[in-house]
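Undergrad: Encoded as structure tokens, here's the structure I'll be asking about.
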Amino acid sequence: MAAPSATRILRHASRTASRGLTRRYQTTQTPAIARPSAVRTSIASQARCFSISARRPAGLMPDTAEPQPPASEPHDHKITSPTEVNDEEYHEHADRYMERLNEKAEALQESRADVEVEYSAGVMSITLPPNGVYIINKQPPNKQIWFASPLSGPKRFDWVVAGESMHQKQGGGAGDWIYLRDGTSMTDLLRREVGISLDIDGEAEAIKKISLDPSE
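18 is the number of the first residue of the sequence shown in my numbering; add one for each residue after it.
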């Protein structure tokens with residue numbers, strides 16, 4: 018009976034040692050599983066490392082922001098209607114303009130033998146080689162001056178006083194004959210195409226003096 022008891026003791030000791038080795042091997046080979054709270058902490062830490070904070074664009078000087086572009090300036094007021102004038106005022110402005118234009122055209126004719134100027138009954142023709150013939154004439158029914166150019170074509174000009182509005186003193190603006198479709202000034206057109214310069218500001222001052230003091 019002693020031999021079997023010794024055999025059982027040896028077998029039990031062998032199993033115990035084998036189990037110990039197995040547990041030790043599993044403990045060494047199995048990686049540790051991180052706790053959920055530790056995983057969340059690690060992810061949050063990494064997110065903080067890679068987060069990008071909003072920064073203002075740098076200006077020319079340190080610690081200054083990039084200057085904002087200036088606001089766009091308002092567009093110039095486009096003229097869409099003529100200045101209201103009665104028949105007498107229309108003839109006054111138109112006759113004075115045509116007479117002044119005739120003087121300048123005749124001076125051009127004297128300086129160039131190939132230039133011809135004719136003016137009668139409110140109709141003027143200027144033959145200017147190599148451009149051709151210009152026709153300028155009054156149109157009392159429409160209170161306009163019509164201008165036919167061999168270069169830019171026909172245009173109808175209205176009397177417009179720029180700078181005169183309900184908030185300004187009457188007569189305080191400068192007047193000129195304007196083509197309302199594109200804002201072209203007849204004075205500028207004559208200067209560019211014919212080479213005639215008219216002193217509109219001087220003529221406007223003369224008209225104001227006559228209107229304010231007819232006795233002079």
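For each residue, glycine too, the CB sits at the ideal point set by N, CA and C.
Since this is a predicted model, take the numbers as computed values, not measurements.
Going by C-alpha to C-alpha distance, which of LEU168, PRO158, LYS160, ALA124 sits closest to ASN148?
TA: LEU168
Undergrad: Tell me the rounded alpha-carbon separation between SER182 and LYS121.
TA: In this prediction, SER182 scores a pLDDT of 44, lower than 50, which makes its location untrustworthy; the coordinate-derived value is nonetheless stated afterwards. Those two C-alpha atoms are separated by around 32 Å.
Undergrad: When burial is assigned at 16 or more other CB atoms within 10 Å of the CB, is ALA111 buried or exposed?
TA: Residue environment for ALA111: buried (at least 16 other C-beta atoms within 10 angstroms of its C-beta).
Undergrad: CB PHE164 to CB MET115, shorter than 7 Å?
TA: For PHE164 and MET115, no; Cβs fall outside 7 Å.
Undergrad: Measuring only the C-alpha atoms, how far is TYR196 from GLU101?
TA: 15 Å
Undergrad: Report, in whole angstroms, the separation of the C-beta atoms of MET141 and ASN154, which I expect to be a contact under 8 Å.
TA: That belief holds up - the Cβ atoms of MET141 and ASN154 are roughly 7 Å apart, short of 8 Å.
Undergrad: Express the C-alpha separation of ASP205 and ILE152 in angstroms, rounding to a whole number.
TA: 16 Å
Undergrad: Using 10 angstroms around the beta-carbon of ASP104, count the other beta-carbons present and answer buried if the total reaches 16, otherwise exposed.
TA: So ASP104 counts as exposed.
Undergrad: Go ahead and pull the three-state DSSP assignment for GLU206.
TA: The identity of residue 206 in the sequence shown is Leu, whereas the question assumes Glu. Three-state DSSP puts LEU206 in a helix.
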